[in-house]
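Asker: Before we start, here is the structure in question, set down as structure tokens.
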Amino acid sequence: MTALEVRDLYKSFGEIRAVDGLDFTVNRGDIYGLLGVNGSGKSTTIRLLLHLIAPDRGRMVISGIPVNGRNLELRRKMGALIERPDFYNYLSAYKNLEILLKYSGLRPDRRLIRETLQRVGLEKFGDKKVRIFSQGMRQRLGIAQAMIHDPELIILDEPANGLDPHGMVDIRNLILRLNREYGKTIILSSHMLREIEMIANRMLIIDGGKAVAEGTVSELLQSYESRLRLQVSDVNKACALLEEAGYEPVEPTDGNEIRCRVKVEEVPAVTRLLVEKNISVYAVVPEKSLEEYFISLT
Amino acid sequence: MMGILIHIELEKLFRRGRSYIPVLAVLVIIGVIQVGMMLDGVSLIDFVSENLQEVFILEGNLLNGYLIAFISINGLWIHVPILVVIVTGDMISGEAGAGTFRMVLSRPVSRTRLILAKFLTAMVYVAMLVALLAVLSLGLGILFFGKGDIIVMFESINILPEEILMGRFLMAFLFGMLGMWLVAALSFVFSALAENSLSPIILTMAIIILFTIVSGFEINIFQTIRPYLFTTHMNNWQSFFDFELDWNRIGRSAGVLVLHILAFIAATLVIFRKKDITT
Amino acid sequence: MKLTLRNIALIFLLSGFTAPASGEPDPEAILEAVKSRFRTIVDFTAEVVIEINVDFINIPDKSARLIYKYPNKLKFKSGSFLMIPRKGIGFSVFELLESDYSAIYAGTEDRDGRQLDRIKVIPLSDKPDIVLATLFIDAGDSLVRYMEATTRKSGFFTTEFAYGEDAPLPESNTIRFEVEKIRLPLKFMGGTTVDKSKMKEGAVGEIILRYGGYEINRGLEDKLFEEDSVRVD
Numbered sequence: 001m002t003a004l005e006v007r008d009l010y011k012s013f014g015e016i017r018a019v020d021g022l023d024f025t026v027n028r029g030d031i032y033g034l035l036g037v038n039g040s041g042k043s044t045t046i047r048l049l050l051h052l053i054a055p056d057r058g059r060m061v062i063s064g065i066p067v068n069g070r071n072l073e074l075r076r077k078m079g080a081l082i083e084r085p086d087f088y089n090y091l092s093a094y095k096n097l098e099i100l101l102k103y104s105g106l107r108p109d110r111r112l113i114r115e116t117l118q119r120v121g122l123e124k125f126g127d128k129k130v131r132i133f134s135q136g137m138r139q140r141l142g143i144a145q146a147m148i149h150d151p152e153l154i155i156l157d158e159p160a161n162g163l164d165p166h167g168m169v170d171i172r173n174l175i176l177r178l179n180r181e182y183g184k185t186i187i188l189s190s191h192m193l194r195e196i197e198m199i200a201n202r203m204l205i206i207d208g209g210k211a212v213a214e215g216t217v218s219e220l221l222q223s224y225e226s227r228l229r230l231q232v233s234d235v236n237k238a239c240a241l242l243e244e245a246g247y248e249p250v251e252p253t254d255g256n257e258i259r260c261r262v263k264v265e266e267v268p269a270v271t272r273l274l275v276e277k278n279i280s281v282y283a284v285v286p287e288k289s290l291e292e293y294f295i296s297l298t
Numbered sequence: 001m002m003g004i005l006i007h008i009e010l011e012k013l014f015r016r017g018r019s020y021i022p023v024l025a026v027l028v029i030i031g032v033i034q035v036g037m038m039l040d041g042v043s044l045i046d047f048v049s050e051n052l053q054e055v056f057i058l059e060g061n062l063l064n065g066y067l068i069a070f071i072s073i074n075g076l077w078i079h080v081p082i083l084v085v086i087v088t089g090d091m092i093s094g095e096a097g098a099g100t101f102r103m104v105l106s107r108p109v110s111r112t113r114l115i116l117a118k119f120l121t122a123m124v125y126v127a128m129l130v131a132l133l134a135v136l137s138l139g140l141g142i143l144f145f146g147k148g149d150i151i152v153m154f155e156s157i158n159i160l161p162e163e164i165l166m167g168r169f170l171m172a173f174l175f176g177m178l179g180m181w182l183v184a185a186l187s188f189v190f191s192a193l194a195e196n197s198l199s200p201i202i203l204t205m206a207i208i209i210l211f212t213i214v215s216g217f218e219i220n221i222f223q224t225i226r227p228y229l230f231t232t233h234m235n236n237w238q239s240f241f242d243f244e245l246d247w248n249r250i251g252r253s254a255g256v257l258v259l260h261i262l263a264f265i266a267a268t269l270v271i272f273r274k275k276d277i278t279t
Numbered sequence: 001m002k003l004t005l006r007n008i009a010l011i012f013l014l015s016g017f018t019a020p021a022s023g024e025p026d027p028e029a030i031l032e033a034v035k036s037r038f039r040t041i042v043d044f045t046a047e048v049v050i051e052i053n054v055d056f057i058n059i060p061d062k063s064a065r066l067i068y069k070y071p072n073k074l075k076f077k078s079g080s081f082l083m084i085p086r087k088g089i090g091f092s093v094f095e096l097l098e099s100d101y102s103a104i105y106a107g108t109e110d111r112d113g114r115q116l117d118r119i120k121v122i123p124l125s126d127k128p129d130i131v132l133a134t135l136f137i138d139a140g141d142s143l144v145r146y147m148e149a150t151t152r153k154s155g156f157f158t159t160e161f162a163y164g165e166d167a168p169l170p171e172s173n174t175i176r177f178e179v180e181k182i183r184l185p186l187k188f189m190g191g192t193t194v195d196k197s198k199m200k201e202g203a204v205g206e207i208i209l210r211y212g213g214y215e216i217n218r219g220l221e222d223k224l225f226e227e228d229s230v231r232v233d
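Chains as they are written, first to last, in our numbering: chain U, 1 to 298; chain A, 1 to 279; chain X, 1 to 233.
Okay, here's the thing in structure tokens:
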């Protein structure tokens, strides 16, 4: 079942084409990654989905309902954190969430607000004015406001911005829980590939407002030669064997490791080759992940 | 939903420190005027009535609360728009600049209703500010100086008797409030276009000052356009201090002000509904 | 002799007139009769309604209480604001007549169906503000019906008296005067929308005082006139 369908989407700001014929589909229950460098059109796409800006052309449908200025009820099914989370700084975190609940057409529920603050790790700061919050605290509050009204679709733009490693783990776990336990569909936009790779099941790579690749992580990486790191007993002999077999380039590193470029499906053959020539293989580690793939595309 | 939106806007407005700057300004200014009149009001009255006293003997309590209220309002009225615009000019652009529209408008909130709720809230704020001005200028004035007749120069020298003055003042304040609603509505137009607090304030005041200057110049072409300027009609709160009330004139001016308010709000809605929220 | 307005008037009149022709009424006698009639009034209080009709002044009719002691103590008391003309309050004629003056008979004139004696009165001292007054007296009842006066500081004015059952106290008097160049600090007291053309020279103002409820010769003490004392020149 489709949660979101985008077809032929265009948006320009003056002469700058920010979104250039974007097509993609998000299924219900996906954690869908939007990958792109700064200025690639991710945030513009998100603003278009929320009708904060109007498209020049194109169609967006969420849960079967077209996205336009009139279908306000659609926004009740969506929650979003867009770029830097901005709040009413002169109000407390609690008050901000209370007001946003009211804007969502819901009664402010003291228990719900407190629970939401707890889920994002801000239970002790609910009564403090947002003015004094750190960037990380604002980010947590931003995620809180995106999910407090129990939307079906949650859009998070750079959710881990400003968070320390603990914070990142917390947020990652929260996203996974929202998806797996509560069945939320999540669109996760980031330039931090590791983050997307760890939790997204499908993704779209955007560059210059255009889609350059879409699919699952494994689908995208399958066709790409990744770099392999091998720990072997005899580095020189291993290098010679691999070069002879055509695996280029082969680089010895310090100690007993070598790097070579192979496709995923060729890894067993490489291992077998070395073992048959009496070279012990202690470890086989795919060194690269999405990063090189992404850079190669963009 | 409209009620909820207005409630939210009122809450945001009255929890914000900036909203109390005009209130404080009114308190201080009226206080200073009252003290000044207490210390030197008699010589002001003597100065004003000096030449009249060559022909007439003036008996009675001229230095009374009504007269002081009239002097206060007359002097302040050019400045009250600034106090209004400090708050209302920021009501849309402030949120745009602060980035809070991203959160608000990603909720099921109609842009039209949001702007209307903001304007109704602005109207409440303006009404409160004008009421404060009325209570302070009249209330403190009557408390310290008592009641009496007033001399007002408006097309003639009018001596208005004490018995009718409270009613006249209340009507003048109500009319003045209409004028300030217009100022708020004008500031909304610029606020919808801007993404910072300062531009709407400066632009609104620039328009008001320009129109006021044009109204005041005794040049033919300016006098021709004068009846069409809203500042001309805003000043007709003074008509309530004419000897006989000219309801035609008052009604006409009120109608012009209302039309301007509706036009400015309509313009604000058109701008805001089409606006891309990029901040 | 100083060439003052008063002295010029005196020279002019004396040059035209030598002695009353035989058969002409004696102005002194007429004035004495007027004074005698009024001297029966030592003091009085009255309710007065003041109506002001000046082109550029709008003021509702005002009520006040008037207290008077012959010849020149006068005070208005009111709970509200009053504008009282300095000139021409009816009783100022008696201050004039109680000072040193020279009177000249100037014939008769018919006004409002009465034949009135015209007497020119020139004060001989500099104390009164009036430099020349023409009194129109009904010799039949020794009442001043009209007065035309020229003053040092406030120009020319006329006063008309009407009498009822309280004569010699008037029922009303109507004062007419020229409104000259009243300079007003307009910006201070309101808008600048006063029509200044109405304040040009030659605009005429009129004040009507209507008296009633006279209480006569109650023995008013001088101290009643001392607080916020108002002198009418």
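Heads up, the beta-carbon is just placed ideally off N, CA and C, and yes, glycines get one too. Note that this is a predicted model, so its numbers are computed, not measured.
1. Please list the partners that SER156 (chain A) has in chain X, where partner means a Cβ-to-Cβ separation under 7 angstroms.
2. Among X:THR45, X:ARG152, X:GLU215 and X:GLU51, which has the Cα closest to the Cα of LEU209 (chain X)?
3. Note down, in chain order, all residues in the region 97-110 of chain A with a beta-carbon under 7 angstroms from any beta-carbon belonging to chain U.
4. Kindly list the residues whose CB is nearer than 7 angstroms to the CB of ILE171 (chain U), restricted to its own chain and excluding five residues on each side of it in sequence; keep chain order.
5. Which residues in the same chain as GLU24 (chain X) place their Cβ atom closer than 6 angstroms to its Cβ, once the five residues preceding and following it in sequence are excluded?
6. If you measure from the beta carbon of ILE99 (chain U) to each beta carbon in chain A, is any gap under 8 angstroms?
7. Over the uninterrupted beta strand (DSSP E) stretch that includes LYS11 (chain U), give me the two end residues.
8. Just confirm the distance between the C-beta atoms of GLU178 (chain X) and GLY212 (chain X), as a whole number of angstroms; I'd bet it's less than 8 angstroms.
9. Taking 8 angstroms as the threshold (beta carbon to beta carbon), is MET1 (chain U) in contact with chain A?
10. Is the beta carbon of ALA122 (chain A) less than 8 angstroms from the beta carbon of MET91 (chain A)?
11. May I ask you to list the residues that DSSP assigns as paired with GLU257 (chain U)?
12. Report the partner residues of ALA98 (chain A) according to the DSSP bridge assignment.
13. Let me confirm a value: MET286 (chain A) is counted as buried when at least 16 other C-beta atoms fall within 10 Å, else exposed. Which label applies?
14. In chain X, what lies closer than 7 angstroms to PHE243 (chain A) by C-beta?
15. Could you give the residue range of the beta strand (DSSP E) that holds PHE161 (chain X)?
16. What first and last residue would you give for the beta strand (DSSP E) that runs through ALA211 (chain U)?
17. Compute the beta-carbon to beta-carbon distance between ILE31 (chain U) and ASN179 (chain U), rounded to the nearest angstrom, for a pair I have assumed lies under 8 angstroms.
18. Taking the straight line between their C-alpha atoms, what separation do you get for GLY205 (chain X) and PHE56 (chain X)?
19. Could you give the C-beta distance for LEU27 (chain A) and LEU140 (chain A), rounded to a whole number, given that I count them as a contact under 8 angstroms?
20. If the criterion is Cβ atoms closer than 8 angstroms, does the pair SER104 (chain U) and HIS51 (chain U) meet it?
21. Closer than 8 angstroms is the cut-off here; do at least three beta carbon pairs connect the region 157-175 of chain A with the region 235-242 of chain A?
22. Alpha carbons only, please: which of U:GLY79, U:PHE125, U:VAL67 and U:ILE82 is nearest the one belonging to TYR94 (chain U)?
23. Rounded C-beta distance between THR2 (chain U) and ASN38 (chain U)? I'm assuming under 8 angstroms.
24. Mapping the DSSP letters down to three states, classify MET1 (chain A) as helix, strand or coil.
25. Along the beta strand (DSSP E) that carries GLN115 (chain X), what are the first and last residues, could you check?
26. Got a sec: is the Cβ-Cβ distance from GLY17 (chain A) to anything in chain U below 8 angstroms?
27. For GLU152 (chain U) and chain A, any beta-carbon pair shorter than 8 angstroms?
28. Is THR271 (chain U) helix, strand or coil when you go by DSSP?
29. Rounded to whole angstroms, what is the Cα-Cα separation between LEU257 (chain A) and LYS75 (chain X)?
30. Use the C-beta contact count for GLY14 (chain U): other C-beta atoms within 10 angstroms, 16 or more gives buried, fewer gives exposed.
31. Using the C-alpha atoms, what's the distance from ALA96 (chain A) back to ILE277 (chain A)?
32. With distances taken Cα to Cα, identify the nearest neighbour of ALA254 (chain A) among A:HIS233, A:VAL84 and A:GLY41.
33. Specify the secondary structure class of ARG180 (chain U) as computed by DSSP and reduced to three states.
34. Classify ASP43 (chain X) as helix, strand or coil using the three-state DSSP reduction.
Answerer: Walking through what the data contain:
1. PHE56, ILE57, ASN58 and VAL194
2. X:GLU51
3. ALA98, GLY99, THR100, ARG102, MET103, VAL104, LEU105, SER106, ARG107, PRO108, VAL109 and SER110
4. ILE143, PRO159, ALA160 and LEU163
5. TYR105
6. yes
7. 2-13
8. With a Cβ gap of about 29 angstroms, GLU178 (chain X) and GLY212 (chain X) do not count as contacting.
9. no
10. yes
11. U:GLN231
12. Answer is none; ALA98 (chain A) lacks a bridge partner.
13. Nothing about residue 286 (chain A) can be read from this structure; chain A reaches only from 1 to 279.
14. ASN58
15. 156-163
16. 210-216
17. 5 angstroms
18. 9 angstroms
19. Not a contact, Cβ separation roughly 10 angstroms.
20. no
21. yes
22. U:PHE125
23. About 29 angstroms separates the two Cβ atoms, so there is no contact after all.
24. coil
25. 114-123
26. yes
27. no
28. helix
29. 49 angstroms
30. exposed
31. 8 angstroms
32. A:HIS233
33. helix
34. strand
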